[in-house]
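*Asks:*
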Amino acid sequence: MDSGNLIAFLKKFSFGRLIACGITLRVVIAIVDGVFGLEINELENFNIYIFIIALIYTIFWMFNKSYSDDEYED
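Going by our numbering, 81 is the number at position 22 of the sequence shown; the sequence numbering is gapless.
1. Can you look up ASN106 in the DSSP assignment and give me helix, strand or coil?
2. Looking at C-beta atoms only, is the number of pairs between the stretch 101 to 115 and the stretch 64 to 72 that lie closer than 8 Å three or more?
3. Which one of ILE66, LEU84 and GLU98 has the shortest CA to CA distance from LEU114?
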């Protein structure tokens with residue numbers, strides 16, 4: 060992978076979406092955990108699981124065809 064491909068990848072990657080997705084997941088899990096008493100937050104690697112799920116969602120969002128900027132280029 061040359062530097063051009065890496066720069067194009069990073070331009071398309073959304074750190075804001077990653078952070079927002081992580082926060083949203085934490086809030087939803089806290090609500091579900093509070094309602095049902097599952098004690099999900101007590102898992103050893105809870106933060107890592109949240110980060111991985113948010114990262115996977117962000118990467119899938121990057122390669123979504125409806126988001127692609129290629130169709131607007133002349």
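The C-beta atom is built at its ideal place from N, Cα and C for all residues, glycine as well.
Please read these numbers as outputs of a predicted model, since none were measured by experiment.
*Replies:* Quick answer:
1. Sequence index remark: in the sequence shown, residue 106 carries index 47 (1-based). Correct three-state label for ASN106: helix.
2. no
3. The residue given as residue 114 occupies position 55 in the sequence shown. Comparing Cα-Cα distances from LEU114 to each of ILE66, LEU84 and GLU98, the minimum goes to LEU84.
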